[in-house]
Amino acid sequence: MRDVNKFLTEIKASSNADVGARWAKVEEHYNKKLWHQLTVQLQAIIKEPSMQDKLISIYQDFITDFEAKMDPLSLVMIGMVVLERFTNSEEAVVFMEKIGDKVKMHKEAFALTKVLLGRIKLHKYEQHKETKAIIDEVDTLLSEVDGVSPVHSHFYLLSSDLYRIQGKHKDFYRSSLRFLGCTDIADLSQQEQAKHAFFLSLAAMLGEKVFNFGELLAHKVLDSLKGGENEWLIDILFAFNSGDVSKFRALKPKWSTQPDLAANEALLFEKVCLLCLMEMTFRREATARQISFAEIAAATTLPVDQVEMLIMKALSQGLVRGRIDEVDQTVSLTWVQPRVLDKQQLETMTKKIDSWCQSVQSMEVLIENKAGEILTY
127 MRDVNKFLTE IKASSNADVG ARWAKVEEHY NKKLWHQLTV QLQAIIKEPS
177 MQDKLISIYQ DFITDFEAKM DPLSLVMIGM VVLERFTNSE EAVVFMEKIG
227 DKVKMHKEAF ALTKVLLGRI KLHKYEQHKE TKAIIDEVDT LLSEVDGVSP
277 VHSHFYLLSS DLYRIQGKHK DFYRSSLRFL GCTDIADLSQ QEQAKHAFFL
327 SLAAMLGEKV FNFGELLAHK VLDSLKGGEN EWLIDILFAF NSGDVSKFRA
377 LKPKWSTQPD LAANEALLFE KVCLLCLMEM TFRREATARQ ISFAEIAAAT
427 TLPVDQVEML IMKALSQGLV RGRIDEVDQT VSLTWVQPRV LDKQQLETMT
477 KKIDSWCQSV QSMEVLIENK AGEILTY
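Everything in the sequence shown is counted per the numbering used here, starting at 127 for the first residue and increasing by one.
#1: Should the region 457-468 be called in touch with the region 338-345, which here means at least 3 C-beta pairs below 8 Å?
#2: Please return the same chain residues whose Cβ sits closer than 6 Å to the Cβ of ARG98, not counting the five positions on each side in sequence.
#3: Can you look up PHE281 in the DSSP assignment and give me helix, strand or coil?
#4: Excluding five sequence neighbours on each side, which residues of the same chain lie with their C-beta closer than 7 Å to the C-beta of LEU164?
#5: Quick one: complete alpha helix (DSSP H) runs, 4+ long, within the region 425-473?
#6: Decide if the region 417-427 is in contact with the region 397-408; the criterion is three or more beta carbon pairs, one per stretch, under 8 Å apart.
#7: Can you list the alpha helix (DSSP H) stretches of 4 or more residues lying completely in the region 192-243, in chain order?
#8: Out of curiosity, what's the CA-to-CA distance linking ALA143 and ASP179?
#9: Tell me the residue span of the beta strand (DSSP E) that contains SER418.
#10: Please list the segments of the alpha helix (DSSP H) lying wholly inside the region 316-364, counting only runs of 4 or more residues, in order along the chain.
#11: With a threshold of 7 Å, establish whether the CB of PHE395 neighbours any heavy atom of the ligand ZN.
#12: Identify whether GLN253 lies in helix, strand or coil by the three-state DSSP scheme.
#13: Counting only the same chain and skipping the five closest in sequence on each side, list residues whose C-beta sits under 6 Å from that of GLN253.
#14: Assign LEU492 to buried or exposed, taking buried as 16 or more other Cβ atoms, counted over all protein chains shown, within 10 Å of its Cβ.
#15: When we look at the beta-carbon of ARG375 and count the other beta-carbons within 10 Å, is it buried (16 or more) or exposed?
#16: Going by beta-carbon coordinates alone, are GLY354 and ALA320 separated by less than 8 Å?
#17: Is the region 263-270 touching the region 291-308 in the sense that three or more CB pairs, one from each, lie closer than 8 Å?
#18: Does the Cβ of GLU405 have 16 or more other Cβ atoms within 10 Å, making it buried, or fewer, making it exposed?
#19: In this structure, how does DSSP classify ASN390 when only helix, strand and coil are distinguished?
#20: Identify whether THR407 lies in helix, strand or coil by the three-state DSSP scheme.
#21: Straight-line CA distance for THR456 to LEU343?
#22: Grab the span of the alpha helix (DSSP H) containing SER301 for me, first residue to last.
#23: Buried or exposed for ALA392, going by 16 or more other Cβ atoms inside 10 Å?
#24: Alpha helix (DSSP H) containing ASN157: first to last residue?
#25: Could you tell me how far apart the beta carbons of GLY205 and ILE225 are, in whole angstroms, since I believe they sit closer than 8 Å?
#26: Using 10 angstroms around the beta-carbon of MET127, count the other beta-carbons present and answer buried if the total reaches 16, otherwise exposed.
#27: With LYS380 as the anchor, note down where its alpha helix (DSSP H) starts and where it stops.
#28: Just curious, the alpha helix (DSSP H) that GLU136 is in, first and last residue?
#29: So, ILE360 versus TRP381, is the Cβ gap smaller than 8 Å?
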């Protein structure tokens, strides 16, 4: 049977003055059975560099004595830090499964234990199928939780890691953006931020049916690429977002150095052409959306005889709606897929709203002037 008092005496003696004072506070809370205050103190202590080699002992010789009295989610969060100290993967799995058994009545805490087990299966055992099963199970558990919990961040990170390893660009892009959406970027190191920005940028360009770049371009994580060797990724993302084919071609010496992009040049060119068509539609007034094939060919640098196929692809993927006139070699577009807008696109939207307001005002004046004629007709 563990001797808690002996453990506390020994760890206080082996710690420096500052940490020793914290352990004295821990002992006071433990004796008074102030479990919340005790938990808060422990969460701070386990981050101390001098404590890292003792984390497993702290958990097994001390925390297990009162773990049933702790908040379940806080218990798992502490267990997550301790888990990093295990060198044997099998022991790590057993450790987390035991915690999972103790918190299974608490959805968020139990979901986090599953996520942590998923990390081991993915990164230590490379068990993709088992990891996907865990992701599906946790997704169901978290769907029953109101709002965004601290578990969501870890869940989306696991999902994005799996999809990145499997090369599923679209799924990775969605999961990674969700991870960043519920994670304080200040908690990530500069290296981690740059890593996420790099893989997200590639996924945005390579992902099938990923045409919305605005959310990524507005995120601070891209700032981590500035001043580095991959800063060109920001330029090419803006080129894609605005459908700038000439800029895409001009940046080829940069992006062609990345093997995944170079191997998918045809796919990238098709995507930037589709985005060019979307941008042409977006920038035009609703009354001036009949575009000739020649205009589209000039903007995309495609031969005129390939423009109709491009329009058909855009229509089939739901990027635009409209009608093709093969005789006149024109297309009338009535709708473009909504996207998160950058500053330049917002300026365009503002001008269009101003123009619409002027049209409404002109119609109002016309009705006022002609009202007499209409009423007496």
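We put the CB at the ideal spot given by N, CA and C, even for glycine.
In brief:
#1: Taking 8 Å as the limit for Cβ pairs, the verdict is that the region 338-345 does touch the region 457-468.
#2: For residue 98 there is no data in the structure shown, the boundaries of the chain being 127 and 503.
#3: helix
#4: VAL152, HIS155 and TYR156
#5: 433-442
#6: yes
#7: Inside the region 192-243, DSSP marks whole alpha helix (DSSP H) runs of 4 or more residues at positions 198-209 and 215-229, from first to last along the chain.
#8: 18 Å
#9: 416-418
#10: Taken in chain order, the whole alpha helix (DSSP H) runs of length 4 or more contained in the region 316-364 are 316-332 and 340-343.
#11: For the structure depicted, the ligand ZN is absent and the ligand set is empty, with no information on it obtainable.
#12: When DSSP states are grouped into helix, strand and coil, GLN253 belongs to the coil group.
#13: LYS247
#14: exposed
#15: exposed
#16: The answer is yes: Cβ separation under 8 Å.
#17: no
#18: buried
#19: coil
#20: In the displayed model, THR407 falls within a helix according to three-state DSSP.
#21: Taking the straight line from one Cα to the other gives about 33 Å.
#22: From DSSP, the alpha helix (DSSP H) with SER301 extends over 295-307.
#23: exposed
#24: Unbroken alpha helix (DSSP H) run through ASN157: 143-157.
#25: 5 Å
#26: At MET127 the pLDDT is 48, less than 50, meaning the model places this residue with poor confidence; the figure from the coordinates comes in the next sentence. Exposed.
#27: 378-381
#28: DSSP places GLU136 in the uninterrupted alpha helix (DSSP H) bounded by 130-140.
#29: no
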